[in-house]
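So the structure is just underneath, and the comments pick up after that.
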């Protein structure tokens, strides 16, 4: 954990744990919303454009807009990632779908 100012002398032992959990939850939420864009596109590979679309559609992620600017070829398919969509089994939730893809 980096101390950002000279006036900060110490950081409690719990602070890095809280920040780590906050980062985990942030990444999980961004991934979930990005994955939903992927599923809506009937693909099984998450692309940068999916993250950009999720960021654009979610107000709390507005601070990321400049980092993941959506490309003009948003609907181009992204290199054939949709070829695996017919292999997907019936999945009830995005969490189960992500777990299936990770396996």
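Numbering (UniProt numbering), first residue to last: 1 to 103.
Ideal placement from N, C-alpha and C gives every residue a C-beta, glycine not left out.
Subject >> Burial state of residue 67 (16 or more Cβ within 10 Å) >> reply: Numbered from 1 along the chain shown, position 67 holds the residue referred to as residue 67. Residue environment analysis places residue 67 among the exposed positions, since fewer than 16 neighbouring C-beta atoms fall within 10 angstroms of its C-beta.
Original post:
Are the region 50-58 and the region 25-37 in contact at 8 angstroms, needing three or more beta carbon pairs?
Top reply: The region 50-58 is in contact with the region 25-37.
Original post:
Of all Cβ atoms in chain B, is any one closer than 8 angstroms to the Cβ of residue 69?
Top reply: Absent from the structure: chain B. Only one protein chain is present.
Original post:
Hey, residue 30 and residue 63: beta-carbon distance below 8 angstroms or not?
Top reply: Here residue 30 refers to the residue found at position 30 when the chain shown is read from its first residue. Here residue 63 refers to the residue found at position 63 when the chain shown is read from its first residue. In this structure, residue 63 does not lie closer than 8 angstroms to residue 30 by Cβ.
Subject >> C-alpha distance - residue 58 paired with residue 25, whole-angstrom precision >> reply: Translated into the one-based positions of the chain shown, residue 58 becomes position 58. Translated into the one-based positions of the chain shown, residue 25 becomes position 25. Near 15 angstroms, if we compare the C-alpha coordinates of residue 25 and residue 58.
Original post:
Using a Cβ-Cβ cut-off of 8 angstroms (strictly less than) and excluding sequence neighbours within five positions of residue 65, which residues of its own chain qualify?
Top reply: What you label residue 65 is simply residue 65 of the chain shown in a count that begins at 1. Closer than 8 angstroms at the Cβ level, and outside the excluded window around residue 65, lie 55 and 56.
Original post:
For residue 33, which option in 21, 46, 7 and 23 has the closest C-alpha, if you only look at C-alpha atoms?
Top reply: For the purposes of this step, residue 33 is identified with residue 33 of the chain shown, where counting begins at 1. Nearest option by C-alpha distance: 46.
**OP:** Pick helix, strand or coil for residue 69, following the three-state DSSP scheme.
**Re:** To locate residue 69, count along the chain shown from 1; it is residue 69. Of the three classes helix, strand and coil, the one that applies to residue 69 here is coil, per DSSP.
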